[in-house]
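These protein sequences, in sequence, are chains L and W.
The first sequence begins at 1 in the numbering used here and counts up by one.
The second sequence begins at 301 in the numbering used here and counts up by one.
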Amino acid sequence: MREGELSKGRLALLLNLPALAGLLLILAYPIAFAGYLSLHTVSIRQLRSGELPFAGLANFARLSEDPLFWLALRHTLVFVAASVVLEMVIGLAIALVISDERVWLSRLTRVLILIPWAVPPVVNGLLWSFIVNAQFGYLNRALYKLGLLSDYVNWLGHPWLAMATVVAAYVWRTTPFNILLYHAALQGIPAQVYEAAAVDGASPGQSLRLITLPLLRPVVAVTLILRTTFSFMVFDEILAITQGGPGNDTWVAAWYTYRRAFQPPFDIGLGAASAWVLAVMVGLAALVYVRLVYRRVEYA
Amino acid sequence: MMRLPWRRRVALWAGNLCAIAFLLLPFVPVVLGSLQSEKSIQQDTRALLPGDYTLANFRLILSGGRSKGPIFEQVSYLPKSVERFPSAFFNSLLVGSAVTFGALIAASLSAYALARLRLRWTQALLQASVISRMVPLVVLMVPLYVLFRRYNLLNSLAGVIVAEVGLLLPYAVLILVPYFAALPPDLEDAARIDGCTRWQAFLRVVLPLSAPGLAACGVILFILSWHELLVPLILVSRPELMTVPVVLAGLVSDYFVFFTLMMAICLLGLLPTLVLVLTLQKFVVRGLVSGALKG
Numbered sequence: 001m002r003e004g005e006l007s008k009g010r011l012a013l014l015l016n017l018p019a020l021a022g023l024l025l026i027l028a029y030p031i032a033f034a035g036y037l038s039l040h041t042v043s044i045r046q047l048r049s050g051e052l053p054f055a056g057l058a059n060f061a062r063l064s065e066d067p068l069f070w071l072a073l074r075h076t077l078v079f080v081a082a083s084v085v086l087e088m089v090i091g092l093a094i095a096l097v098i099s100d101e102r103v104w105l106s107r108l109t110r111v112l113i114l115i116p117w118a119v120p121p122v123v124n125g126l127l128w129s130f131i132v133n134a135q136f137g138y139l140n141r142a143l144y145k146l147g148l149l150s151d152y153v154n155w156l157g158h159p160w161l162a163m164a165t166v167v168a169a170y171v172w173r174t175t176p177f178n179i180l181l182y183h184a185a186l187q188g189i190p191a192q193v194y195e196a197a198a199v200d201g202a203s204p205g206q207s208l209r210l211i212t213l214p215l216l217r218p219v220v221a222v223t224l225i226l227r228t229t230f231s232f233m234v235f236d237e238i239l240a241i242t243q244g245g246p247g248n249d250t251w252v253a254a255w256y257t258y259r260r261a262f263q264p265p266f267d268i269g270l271g272a273a274s275a276w277v278l279a280v281m282v283g284l285a286a287l288v289y290v291r292l293v294y295r296r297v298e299y300a
Numbered sequence: 301m302m303r304l305p306w307r308r309r310v311a312l313w314a315g316n317l318c319a320i321a322f323l324l325l326p327f328v329p330v331v332l333g334s335l336q337s338e339k340s341i342q343q344d345t346r347a348l349l350p351g352d353y354t355l356a357n358f359r360l361i362l363s364g365g366r367s368k369g370p371i372f373e374q375v376s377y378l379p380k381s382v383e384r385f386p387s388a389f390f391n392s393l394l395v396g397s398a399v400t401f402g403a404l405i406a407a408s409l410s411a412y413a414l415a416r417l418r419l420r421w422t423q424a425l426l427q428a429s430v431i432s433r434m435v436p437l438v439v440l441m442v443p444l445y446v447l448f449r450r451y452n453l454l455n456s457l458a459g460v461i462v463a464e465v466g467l468l469l470p471y472a473v474l475i476l477v478p479y480f481a482a483l484p485p486d487l488e489d490a491a492r493i494d495g496c497t498r499w500q501a502f503l504r505v506v507l508p509l510s511a512p513g514l515a516a517c518g519v520i521l522f523i524l525s526w527h528e529l530l531v532p533l534i535l536v537s538r539p540e541l542m543t544v545p546v547v548l549a550g551l552v553s554d555y556f557v558f559f560t561l562m563m564a565i566c567l568l569g570l571l572p573t574l575v576l577v578l579t580l581q582k583f584v585v586r587g588l589v590s591g592a593l594k595g
């Protein structure tokens with residue numbers, strides 16, 4: 001070591017100071033503080049006076065008695081299951097059709113993959129709210145012209161159709177991320193593996209099932225974890241397309257937290273409690289996936 | 301390489317056409333909607349193509365609601381989002397640039413330490429970054445709102461920037477670590493033999509060599525900041541400080557929705573990140589893959 005030079009440990013600490021400050025102030029401290037808030041009565045009045053009376057588990061008790069909270073949780077599970085499955089299936093299908101270099105068109109497709117990802121989430125929601133609009137929307141116009149509809153459908157007026165619309169909008173924006181990762185993983189599989197399989201008489205279907213899919217297992221695990229945790233937090237598309245409607249049929253967990261904490265009656269204590277429940281659920285989902293699916297795959 | 305049997309070739313072509321339709325089809329109604337007047341879209345609700353094309357929507361938005369022209373002359377009510385759009389665009393540019401630079405500086409220092417100065421606690425920090433990426437944003441917004449309110453940071457762009465830098469920092473570190481780890485250590489060792497300290501070697505050798513990684517991380521940070529709705533929505537309520545997503549979210553609660561105007565404003569709002577993704581695609585792709593798979 002040079003004279004006057006910092007030791008490895010000190011330099012590492014110094015270089016990490018800004019990141020550590022960020023992690024502590026914007027992530028760790030607020031998470032702990034959310035726990036504190038969830039145990040206190042916090043609303044506009046308490047925020048103005050600065051005194052937060054201790055409430056014990058009252059917020060959690062009110063949460064468990066709120067039917068809308070359970071409804072929002074159920075909707076969240078439906079939303080997560082539907083969107084994650086679709087993102088993976090569509091993502092894998094598109095990654096497979098673009099991975100063959102010998103098809104000229106796939107080069108064009110590859111340039112276009114990230115376009116939906118570039119759309120801001122709230123803009124995406126607004127786009128889809130126009131597309132499915134009952135009177136002027138182009139989904140109705142197109143389906144009517146094709147003869148698939150005899151009359152216009154009010155897509156956002158029906159509970160299941162409204163949920164399906166939000167899922168479709170969300171999946172459209174987020175699938176490109178999966179395509180990208182699957183495509184990168186597919187490119188990492190040497191062509192000789194497939195050639196050897198073909199020489200041994202494997203059909204394309206067999207080599208997909210017996211070679212490609214097993215080798216994609218680690219990347220599938222990564223996308224499962226990331227997409228599950230992110231779709232638990234879906235907010236922008238709900239705000240822009242349904243605002244939780246029709247009735248309460250598309251209330252999801254993040255929307256519940258937002259409405260309770262940041263709109264009248266500004267029940268921040270309750271919002272913090274539901275935020276904590278959401279965080280625990282996301283943590284459990286991530287843990288289960290890591291245990292179940294993540295295994296390293298090596299091929300010589 | 302083996303020749304492709306014709307059946308597979310046809311199947312792959314069809315698959316690619318479907319993929320392109322999936323990726324682009326939702327834009328068709330948006331573009332068609334933005335290029336017509338509200339009258340034309342309401343007149344014939346069965347037509348696919350507009351009766352008349354006009355750029356009036358774009359002219360109105362870009363002039364902040366001043367250049368009304370014949371189409372909007374009679375309109376007494378215009379959504380507030382129209383007049384707020386130009387200043388919101390500027391705010392988003394400001395926040396996006398500041399967040400990109402702030403997070404990039406902090407993340408590159410940290411990522412270098414994590415990739416090169418391997419110590420037990422730096423590895424724990426890397427794992428903490430992976431975990432903190434999964435914390436739902438809504439969980440953080442409740443306490444951040446109370447804290448920012450307490451320290452008078454609400455309604456300031458600086459507050460939004462600080463919050464976004466903090467929230468994006470772990471992801472930026474995850475993107476950058478693989479780039480630094482992939483650089484051959486020999487180059488640094490050579491610089492150190494020539495008399496550089498570790499810090500000098502980092503500034504003069506490692507940073508210039510990892511420019512592609514910094515570019516990838518930077519463009520992704522800017523895009524994510526441009527997309528962010530919840531943070532500015534909750535931390536800012538004054539109209540002159542709103543960013544593009546907040547102003548666009550304001551269209552939702554408007555009583556009279558002008559769909560044609562809404563589609564034009566949406567296209568303008570998504571244009572910057574679309575251009576970035578298309579022009580810097582190589583960097584975006586590598587950054588996203590690096591941040592997800594190797595971190």
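Here a beta-carbon is modelled for each residue, glycine too, at the ideal position from N, C-alpha and C.
Residues near residue i by beta carbon distance below 7 Å, same chain, minus five either side
i: L:V89; result: none
i: W:L588; result: I520
i: W:R538; result: N455
i: L:V132; result: L139, W155, L156, T165
Inter-residue spacing [alpha-carbon to alpha-carbon] between residue i and residue j
i: W:A592; j: W:L426; result: 13 Å
i: L:L213; j: L:E51; result: 57 Å
i: L:W155; j: W:Q343; result: 21 Å
i: L:T242; j: L:L25; result: 34 Å
i: W:P350; j: W:T560; result: 11 Å
i: L:Q135; j: W:S337; result: 15 Å
i: W:V328; j: W:L503; result: 47 Å
i: L:R10; j: W:L440; result: 31 Å
i: L:V163; j: L:S129; result: Note on residue identity: the sequence assigns Met, not Val, to residue 163 of chain L. Answer to the nearest angstrom: the Cα atoms are 12 Å apart.
i: W:G595; j: W:A481; result: Low confidence applies here, because W:G595 scores a pLDDT of 42, under 50, leaving its location unreliable and the question unanswered by this model.
i: L:L86; j: L:L226; result: 14 Å
i: L:V282; j: L:P30; result: 17 Å
i: L:V122; j: L:D236; result: 5 Å
i: L:G56; j: W:W421; result: 35 Å
i: W:S432; j: L:L27; result: 7 Å
i: L:W276; j: L:L68; result: 17 Å
i: W:V552; j: L:Y194; result: 51 Å
Residue i and residue j closer than 8 Å at C-beta
i: L:I238; j: L:V166; result: yes
i: L:S274; j: L:T257; result: yes
i: W:V465; j: W:G402; result: yes
i: L:F266; j: L:S43; result: yes
i: W:I371; j: W:A388; result: no
i: W:L469; j: L:A286; result: no
i: W:V536; j: W:V547; result: no
i: L:G147; j: L:P246; result: no
i: L:L161; j: W:V446; result: no
i: W:N391; j: L:L105; result: no
i: L:I98; j: W:A321; result: no
i: W:V557; j: L:M233; result: no
i: L:W117; j: W:V577; result: yes
i: W:C566; j: L:L39; result: no
Neighbourhood of residue i by C-beta, 8 Å cutoff - its chain only, sequence neighbours within 5 removed
i: W:V395; result: L457, V460, I461, E464, S525, P532, T543
i: L:T109; result: I94, V97, I98
i: L:A12; result: none
Reference residue i, options the options, closest by Cα
i: L:R107; options: L:V199, L:H183, L:P159; result: L:H183
i: W:R303; options: L:T175, L:N248, L:E101, L:R209; result: L:E101
i: L:P120; options: W:A549, W:F583, W:S590, W:T560; result: W:A549
i: W:F522; options: W:V506, W:S367, W:P329, W:L570; result: W:L570
i: W:R586; options: W:I475, W:K339, W:T579, W:H527; result: W:I475
i: L:S7; options: W:D352, W:R418, W:P484; result: W:R418
i: L:L22; options: W:A314, W:L332, W:S429; result: Inspection of the sequence shows that residue 22 of chain L is occupied by Gly rather than by Leu. L:G22 has its Cα closest to that of W:S429, out of W:A314, W:L332, W:S429.
i: W:A516; options: W:A472, W:A311, W:F358, W:L551; result: W:A472
i: L:L308; options: W:W306, W:P443, W:R492, W:A406; result: For chain L, the structure presents residues 1 to 300; residue 308 of chain L sits outside this window and is missing.
i: L:L272; options: W:K380, W:R307, W:P443, W:A490; result: Sequence check: residue 272 of chain L is Ala here, not Leu. Nearest C-alpha to L:A272: W:P443.
Cutoff 6 Å; reference residue i; Cβ partners in own chain excluding five residues on either side
i: W:G364; result: E383, P386
i: L:A72; result: W251, V252, A253, Y256
i: W:R366; result: none
i: L:L216; result: A185
Proximity test, residue i beta-carbon vs the ligand SAM heavy atom, cut-off 7 Å
i: L:I98; result: Here there are no bound small molecules, and the ligand SAM is not part of this structure.
query = At a Cβ cut of 9 Å, what residues of the stretch 422-438 of chain W count as close to chain B, listed as they run along the chain?
reply = Absent here is chain B; the protein component of the structure consists of chains L and W.
ask   = Would you call the stretch 405-414 of chain W and the stretch 472-487 of chain W touching, i.e. three or more CB-CB distances under 8 Å?
value = yes
task = Assess, as a yes-or-no matter, whether the stretch 170-185 of chain L is touched by the stretch 198-206 of chain L under the definition of 3 or more beta carbon pairs within less than 8 Å.
result = no
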